[in-house]
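Residue numbers (this note's numbering), protein chains in the order written: chain A, 1 to 306; chain B, 307 to 616. Working notes, structure below.
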């Protein structure tokens, strides 16, 4: 009898909680899982079928072309260019952001005037709360043709030479402050007696940083590195689209996977190829994150994500 | 060694603090970077108040030769369009954040309940979308063709409604701030799941909910990508997208003026377009520039919790 009641109660609870999950689950189904089924378009010559051009109808009636979309994509120099750009920029961003953020966090923690440290943090947080559209205006103020502060004789939006530097600076500007504050939170949680003990044992500041601070924030560094390495094939669309004003002459050094996928979809209306490029991006991304997580799991099981 | 210890404690200074010179250098580095973070915004403000004369003779400058409010006048002359976009941004941000946080809290509650047999399943379907997806094109087509949301507020709200990352962040918050024994005793008192969630879990999880609300609101306020993909009707432009359009539209105006050339005899400098777009930029950034020092600590506290693996 009591067992029976327990059973009913448990199912009632399960049912009630499941209804709470439904809105979120429905969203995941519609906006994430159904598009995964749409991957088939990567293997089609996707075209609308006029009498009744619904998505399903178009897919059913489009011609299957095997790997033609991928072949077409990799036949062009654009594909290799955007792959190179994506990987190179992300690698540089990941390393530099981490180095600057950790260095700044360690310095912020050492300041004796705490209100100054607070002020710096607040100012550094600003880039995190604005959009890439606004950042593109900031950059434009310096580089705009004729009006820009640095205009002189170069038309920055036509000359690609210095854009790797400009994009790297813009990205660091936007991400370092926020990332620095994350590390600072981790550093302030370190028991201060550890430093005092170290200093009484004669450790210099440098030794304290290397032997107390860095080991303490290592798990966080590892986790953030995994996360970003797993996303090494995902570029920040806003940076590469807005900040460059989507300027064609700059593409050799500014075109990345995400802008390529977007252009194939919106400009060229080549839906099959856009889907193919997106699928390629997702598969590579998936492999990256599994790989990195696998490596971390082997070296330091506690720090693995899953 | 013996000479070291007294020097550390003398003058009542904090034990083990750094010397004056290194601190000065650190102030220079950190202060320099901190200033660098806000100087571009100050520059935009200065440009927006520069006179048209100053802009034509010396371009954008930190020290213009004349000041003027003309750009702001022109911005307010945009009138309906500008206010409409302000309304759209506020509307989408408020409705979107509200719905998003409700969905997130409910989902995270299920993930948090240890006695919920489907928790693992729902955690997996959320997690999997973080490491694999259908890509941009199929997603856009589902939203446009299958759900038919293009050119509606829903196209701006739905794509950002759910973030699996927030689900897990919220679950961590619940684990930290709501003891499971409380849930158990509520059940023994005969409280249903909905009532437990609303009257026990939500009040305790307020800091977490605040963090997620702010992160979500920020994402909605700063979103232009979904407008770029789905919105053609200028009545629905959010502020960020209006700003983006201004950049290209002013270029468009300039290109046309250049084409018409001297024949049309238009003095482009008389159009305050250069200052106008900067004024618009200031008007877009201002609300958030005023608000963020107040909500910054919530986001930092929230992300600090999220960074800790459970």
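From the three backbone atoms N, C-alpha and C, an ideal C-beta is built for every residue, glycine too.
Short check: CB of residue i to CB of residue j, under 8 Å?
i: residue 443 of chain B; j: residue 179 of chain A; result: no
i: residue 494 of chain B; j: residue 402 of chain B; result: no
i: residue 448 of chain B; j: residue 34 of chain A; result: yes
i: residue 238 of chain A; j: residue 131 of chain A; result: yes
i: residue 97 of chain A; j: residue 204 of chain A; result: no
i: residue 226 of chain A; j: residue 187 of chain A; result: no
i: residue 82 of chain A; j: residue 255 of chain A; result: yes
i: residue 594 of chain B; j: residue 527 of chain B; result: yes
i: residue 542 of chain B; j: residue 394 of chain B; result: yes
i: residue 335 of chain B; j: residue 182 of chain A; result: no
i: residue 502 of chain B; j: residue 489 of chain B; result: yes
i: residue 198 of chain A; j: residue 212 of chain A; result: yes
i: residue 32 of chain A; j: residue 435 of chain B; result: yes
i: residue 520 of chain B; j: residue 123 of chain A; result: no
i: residue 391 of chain B; j: residue 544 of chain B; result: yes
i: residue 387 of chain B; j: residue 13 of chain A; result: no
i: residue 294 of chain A; j: residue 44 of chain A; result: no
i: residue 154 of chain A; j: residue 365 of chain B; result: no
i: residue 39 of chain A; j: residue 279 of chain A; result: yes
i: residue 422 of chain B; j: residue 17 of chain A; result: yes
i: residue 296 of chain A; j: residue 160 of chain A; result: no
i: residue 177 of chain A; j: residue 240 of chain A; result: no
i: residue 126 of chain A; j: residue 344 of chain B; result: yes
i: residue 509 of chain B; j: residue 607 of chain B; result: no
i: residue 367 of chain B; j: residue 149 of chain A; result: yes
i: residue 492 of chain B; j: residue 506 of chain B; result: yes
i: residue 134 of chain A; j: residue 587 of chain B; result: yes
i: residue 439 of chain B; j: residue 36 of chain A; result: yes
i: residue 30 of chain A; j: residue 548 of chain B; result: no
Pull up the DSSP beta-bridge partners for residue i, would you.
i: residue 356 of chain B; result: B/373
i: residue 44 of chain A; result: A/64
What residues from chain D crowd round residue i, counting only those whose CB sits closer than 9 Å?
i: residue 144 of chain A; result: The displayed structure is made up of protein chains A and B, and chain D is not among them.
Which residue from the options puts its Cα closest to that of residue i?
i: residue 517 of chain B; options: B/603, B/369, B/344 and B/380; result: B/603
i: residue 221 of chain A; options: A/103, A/13 and A/172; result: A/103
i: residue 214 of chain A; options: A/202, A/190, A/201 and A/196; result: A/190
i: residue 284 of chain A; options: B/586, B/441 and B/522; result: B/441
i: residue 380 of chain B; options: B/395, B/585 and B/438; result: B/585
i: residue 172 of chain A; options: A/94, A/295 and A/272; result: A/94
i: residue 592 of chain B; options: B/477, B/325 and B/546; result: B/546
i: residue 389 of chain B; options: B/607, B/596, B/581 and B/540; result: B/540
i: residue 328 of chain B; options: A/99, A/110 and A/90; result: A/110
i: residue 42 of chain A; options: A/297, A/281 and A/293; result: A/281
i: residue 266 of chain A; options: B/505, B/531 and B/455; result: B/531
i: residue 219 of chain A; options: A/169, A/99 and A/302; result: A/302
i: residue 524 of chain B; options: B/344, B/367, B/398 and B/382; result: B/398
i: residue 184 of chain A; options: A/101, A/11, A/207 and A/159; result: A/101
i: residue 15 of chain A; options: B/507, B/477 and B/424; result: B/424
i: residue 418 of chain B; options: A/112, A/21, A/11 and A/79; result: A/21
i: residue 48 of chain A; options: A/277, A/300, A/299 and A/270; result: A/270
i: residue 346 of chain B; options: A/276, A/170 and A/54; result: A/170
On the premise that residue j lies in contact with residue i, defined as a C-beta separation below 8 Å, what is that separation, rounded to the nearest angstrom?
i: residue 352 of chain B; j: residue 370 of chain B; result: 7 Å
i: residue 143 of chain A; j: residue 156 of chain A; result: 4 Å
i: residue 305 of chain A; j: residue 200 of chain A; result: At roughly 38 Å, the Cβ-Cβ gap does not stay under 8 Å, so residue 305 of chain A and residue 200 of chain A are not in contact.
i: residue 511 of chain B; j: residue 480 of chain B; result: 6 Å
i: residue 529 of chain B; j: residue 462 of chain B; result: 7 Å
May I ask you to check if the CB of residue i is nearer than 7 Å to at least one heavy atom of the ligand MG?
i: residue 342 of chain B; result: Summarising the ligand content, the structure contains no ligands, and the ligand MG is consequently not present.
Three or more C-beta pairs below 8 Å linking the segment 274-288 of chain A and the segment 221-233 of chain A: The segment 274-288 of chain A vs the segment 221-233 of chain A: in contact.
Three or more C-beta pairs under 8 Å: does that hold for the segment 255-262 of chain A against the segment 80-90 of chain A? Counting Cβ pairs under 8 Å, three or more are found: they touch.
Take every Cβ of the segment 244-258 of chain A, pair it with every Cβ of the segment 65-73 of chain A, and state whether three or more of those distances are shorter than 8 Å. No, the segment 244-258 of chain A is not in contact with the segment 65-73 of chain A.
Does the segment 482-490 of chain B come close enough to the segment 345-361 of chain B to have 3 or more Cβ pairs within less than 8 Å? Touching, no.
Would you say the segment 469-481 of chain B touches the segment 407-415 of chain B, given that touching needs at least three Cβ pairs under 8 Å? Counting Cβ pairs under 8 Å, three or more are found: they touch.
Is there contact here, the segment 105-119 of chain A with the segment 539-556 of chain B, by at least three beta-carbon pairs under 8 Å? Look at the beta carbons and you see the segment 105-119 of chain A not touching the segment 539-556 of chain B: under three pairs across the two are nearer than 8 Å.
If we count Cβ pairs, one from each stretch, closer than 8 Å, do we get three or more for the segment 375-382 of chain B versus the segment 530-547 of chain B? Not touching, per the Cβ criterion.
Three or more C-beta pairs below 8 Å linking the segment 136-148 of chain A and the segment 42-62 of chain A: No, because fewer than three Cβ pairs between the segment 136-148 of chain A and the segment 42-62 of chain A fall closer than 8 Å, the two stretches do not touch.
If contact is defined by three or more beta carbon pairs under 8 Å, each pair taking one atom from either stretch, is the segment 424-434 of chain B in contact with the segment 17-25 of chain A? The segment 17-25 of chain A makes contact with the segment 424-434 of chain B: 3 or more CB pairs, one atom from each, lie closer than 8 Å.
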